[in-house]
Amino acid sequence: MKKFLFFSILLWACTSCALKCRVEVSQSYAPTSTVSVIQMGQSLPTGLIRMGSISVGEGGMTPTDDCTYEACRRALIERAKEVGADIVYIIQVITPSSDGGVAYGYHTGPIFYGGGSTCYGIVAEVYKQDQTYFKNEH
Numbered sequence: 002m003k004k005f006l007f008f009s010i011l012l013w014a015c016t017s018c019a020l021k022c023r024v025e026v027s028q029s030y031a032p033t034s035t036v037s038v039i040q041m042g043q044s045l046p047t048g049l050i051r052m053g054s055i056s057v058g059e060g061g062m063t064p065t066d067d068c069t070y071e072a073c074r075r076a077l078i079e080r081a082k083e084v085g086a087d088i089v090y091i092i093q094v095i096t097p098s099s100d101g102g103v104a105y106g107y108h109t110g111p112i113f114y115g116g117g118s119t120c121y122g123i124v125a126e127v128y129k130q131d132q133t134y135f136k137n138e139h
């Protein structure tokens with residue numbers, strides 16, 4: 002019983018100290034090797050199929066070095082590649098704060114969250130280029 006409890010606690014500690022990714026896509030494609038990232042407020046190109054969204058942020062007790070903006074961005078890009086996305090469109094960035102995070106979103110403007118976190122968070126939409134659109138255009 003003590004071994005079970007020890008390994009349960011160890012498993013919880015290992016899985017809760019990493020960035021948490023939530024992927025919500027309507028359809029996955031073959032994995033891609035490159036993904037373009039478009040920042041909030043920039044225009045999206047035409048001929049895209051919206052696949053869904055990916056959220057990356059604190060998973061609970063995440064070490065500060067592991068939840069920087071760049072770490073969240075890298076995790077976001079990796080998840081996008083895994084589902085076959087060609088474009089990641091960042092729609093919200095949540096900044097770290099001890100008294101409540103601030104989310105800057107393209108669609109919503111600043112939103113203040115209670116509870117606080119020392120981690121960044123990113124919410125993005127993921128897109129696939131519609132090859133039939135490009136074939137009909139040229």
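Residues in the sequence shown are numbered consecutively from 2, following my numbering.
C-beta: ideal position from N, C-alpha, C; glycine also.
These numbers come from a predicted model, not from an experiment.
Which word fits residue i, buried or exposed, when buried means at least 16 other C-beta atoms lie within 10 angstroms of its C-beta?
| i | result |
| --- | --- |
| residue 121 | buried |
| residue 28 | exposed |
| residue 75 | exposed |
| residue 80 | buried |
| residue 20 | buried |
| residue 118 | buried |
| residue 42 | exposed |
| residue 45 | exposed |
| residue 59 | buried |
| residue 71 | exposed |
| residue 92 | buried |
Would you list the one or two residues that DSSP bridges to residue i?
| i | result |
| --- | --- |
| residue 121 | Beta-bridge pairing links residue 121 to no other residue. |
| residue 82 | Residue 82 is not bridged to any residue. |
| residue 126 | 54, 90 |
| residue 157 | Past the edges of the chain, shown from 2 to 139, lies residue 157, and the structure says nothing about it. |
| residue 25 | 54 |
| residue 34 | Per DSSP, none; premise fails for residue 34. |
| residue 49 | 130 |
Tell me, to the nearest whole angstrom, how far the beta carbon of residue i is from that of residue j; I am working on the premise that it is less than 8 Å.
| i | j | result |
| --- | --- | --- |
| residue 30 | residue 84 | 7 Å |
| residue 87 | residue 36 | 7 Å |
| residue 24 | residue 123 | Rounded, the Cβ-Cβ distance is 13 Å, inconsistent with contact. |
| residue 49 | residue 125 | Rounded, the Cβ-Cβ distance is 13 Å, inconsistent with contact. |
Hey, would you say the C-beta of residue i is under 8 Å away from at least one heavy atom of the ligand ATP?
| i | result |
| --- | --- |
| residue 27 | The ligand ATP is absent from the structure shown, which contains no ligand whatsoever. |
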